[in-house]
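Numbering (our numbering), first residue to last: 1355 to 1489. All remarks here apply to the structure that follows.
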């Protein structure tokens, strides 16, 4: 069964534009146990919202999981995981964190409740709701 996720990235480090230009990436560098565990739960084909953190604070695109969790090559001998992601499409317009927080339907998502978490699950309903906000 397909799952839905949100991953956060500082656009000055790796933006949606960089991601599209590369045609995909290995999602490395996650050093939070909850976020790592979320990476390990991802399945090939799962849908992922790409979120620009930092100043932008907005969902900007949709990605998909193309390879499930494996040893993060940037973690020297430590137990951290990475996945491979590929871009699917840019949103018609970014959906800002302020807009998300303003919707009572989204008040319980991890982006609102655990804002520092870099990899978080979403329900299909929440994923679709955010996509509709971008139209």
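Ideal Cβ positions, reconstructed from N, Cα and C, are used throughout, including at glycine.
Opposing strand residues paired with residue 1421 [DSSP bridges]: 1438
Identified DSSP bridge partners for residue 1415: 1404 and 1444
Min CB distance residue 1378 to chain D below 8 Å: As a matter of chain content, chain D is missing from the structure shown, which is built from one protein chain.
Minimum C-alpha distance to residue 1452 - residue among 1393, 1484 and 1398: 1484
CB of residue 1390 within 8 Å of CB of residue 1357, strictly: no
Three or more C-beta pairs below 8 Å linking the segment 1457-1467 and the segment 1430-1445: no
Run of the alpha helix (DSSP H) containing residue 1454, from where it starts to where it stops: 1451-1455
Residue 1430, DSSP secondary structure in three states: coil
Separation of residue 1475 from residue 1419, as counted between CA atoms: 13 Å
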